[in-house]
Every structure is written in structure tokens, then in C-alpha cells.
């Protein structure tokens, strides 16, 4: 099992920055991919950024150049630095990890609100 604890959400003005952090505990040695998803009201959950065990990354097109994902395998953490935030980035952000390439775990979610 893996447990996830998120932190760092909040309210920020357009153009501002926030940093989300997620710490995994439990069977962290078997984690392959770590990342962040988000879900806005009345919309489907979408992948924001993920980083695999080999360091390769994937980003949602709309956040490329503004968000940066980083991972610390020794600490079992994954962070999301979000710059130049826009109102459309407003959502609940969820940490996600995958074990053995197939078992998903989710954090409780953290609210990010960007005011215009």
C-alpha cells in the first residue's frame, strides 16, 4: 500500500505562483510513475504532469512552459511548481502514483484557486 499526503494549494491572483508537494509513504520502492492530475467543476479529471522512474516527463499542453514537475526518489516526493497561473488553472489537484506500472493511488486533493 501507498499513502499520499499533499500540501501547497491555495488562492493566488492571475500571474502568481504556487508549489504543490506530495509525499508518499508505505511501499514506495515499487512506485513507477508519480504525478499530478486536476479536476475542475463539471469537468473530467485530467493529467497535468507526470514523471516516470527514468525521469521522463509528460505535461498537459496548456501548462507547458508554466509548470514544472520534479521528483525526489530518495524522499518519495513529487512537486509541481506552477508559475504564471491563470483562472483556468483553478481546480482540485490530485497527487497520483502508480505501483508496478498498474496500481493507482490518489491523494485527497488540494484546492488551487486563481482569481482574475
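Residue numbers (the working numbering): 412 to 527.
Yeah, the Cβ is synthetic: ideal placement off N, Cα and C, and Gly gets one too.
ask   = How do the region 441-453 and the region 499-513 stand: do at least 3 beta-carbon pairs fall below 8 Å, yes or no?
value = yes
inquiry  = Quick check on DSSP: helix, strand or coil for residue 524?
reply    = To locate residue 524, count along the chain shown from 1; it is residue 113. In this structure, residue 524 counts as strand in the three-state DSSP scheme.
key: Buried or exposed (CB count within 10 angstroms, at least 16 for buried), residue 417   = For the purposes of this step, residue 417 is identified with residue 6 of the chain shown, where counting begins at 1. With 16 or more Cβ atoms within 10 Å of its Cβ, residue 417 is classed as buried.
task = From the DSSP output, in three-state form, read off residue 453 for me.
result = Along the chain shown, read from residue 1 onward, the residue named residue 453 stands at position 42. DSSP places residue 453 in coil when its eight states are reduced to three.
Closest by C-alpha distance to residue 482, when choosing among 473, 426, 476, 469 = Here residue 482 refers to the residue found at position 71 of the chain shown. Of 473, 426, 476, 469, the residue nearest in Cα terms is 469.
query = Where residue 480 and residue 430 are concerned, what is the direct C-alpha to C-alpha distance, given to the nearest angstrom?
reply = On the chain shown, position 69 is the one that residue 480 refers to. On the chain shown, position 19 is the one that residue 430 refers to. Spanning the two alpha carbons is a distance of roughly 10 Å.
Through-space distance from residue 457 to residue 502, alpha-carbon basis = Counting from one through the chain shown, the residue named residue 502 turns up at place 91. Counting from one through the chain shown, the residue named residue 457 turns up at place 46. When rounded, the distance between both Cα atoms is 10 Å.
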